[in-house]
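Following: one structure in structure tokens, then a few remarks.
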Amino acid sequence: MAENHRVATDLRNLFGSQAGSRRTLAEISRDLYKRSVLTNRQAARDGAFDLMWNYEARGYVENSPGPRGGAGWKLSTKGAVLVEQFHGPDGKE
């Protein structure tokens, strides 16, 4: 249960609570880079890929490349339901 709450909080912080909201690799990396002064930009980029591929495998996000083919993901319906389950319909605790 604690793992699901952590995932729901992470998804809410990255995507919000609406299914279909999209973020690019650069945006996710930037957010991960802000979380730790010990993380360099390349590590944040690699961490973003690892995190999103994990969430994609679990069905919480969907691959959503940008118009020029850049990496990006969007919150799936399953991910939005998980966020709503732990944080309510508006995404707040």
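In the numbering used here, the protein residues as written are 9 to 101. For each residue, glycine too, the CB sits at the ideal point set by N, CA and C.
Can you name the residues that DSSP bridges to Trp61?
Locating residue 61 in the sequence shown gives position 53, where the first residue counts as 1. Looking at the DSSP assignment, Trp61 forms no beta bridge with any residue, so it has no partner.
Using DSSP bridges, identify the partner residues of Val69.
Within the sequence shown, the letter at position 61 stands for residue 69. Bridge partners of Val69: Leu83.
DSSP beta-bridge partners of Arg30
In the sequence shown, counting from the first residue as 1, residue 30 sits at position 22. According to DSSP, Arg30 bridges with Lys82.
What did DSSP end up calling Arg76 once you bin it into helix, strand or coil?
For the purposes of this step, residue 76 is identified with residue 68 of the sequence shown, where counting begins at 1. DSSP places Arg76 in coil when its eight states are reduced to three.
If we ignore side chains and look at the alpha-carbon of each, how far apart do Tyr33 and Arg53 end up?
Within the sequence shown, residue 33 is the residue found at index 25, counting from 1. Within the sequence shown, residue 53 is the residue found at index 45, counting from 1. The sequence given here places Leu at residue 33; Tyr does not occur at that position. Those two C-alpha atoms are separated by around 7 Å.
Is Trp61 a contact residue of the ligand MN, with contact defined as CB to any heavy atom under 7 Å?
Of the ligands one can find in the structure shown there are none, so the ligand MN has no counterpart to examine.
The alpha helix (DSSP H) enclosing Asn21, as first and last residue numbers
Sequence index remark: in the sequence shown, residue 21 carries index 13 (1-based). It spans Ala10 to Phe23 - the alpha helix (DSSP H) in which Asn21 sits, taken as one unbroken run.
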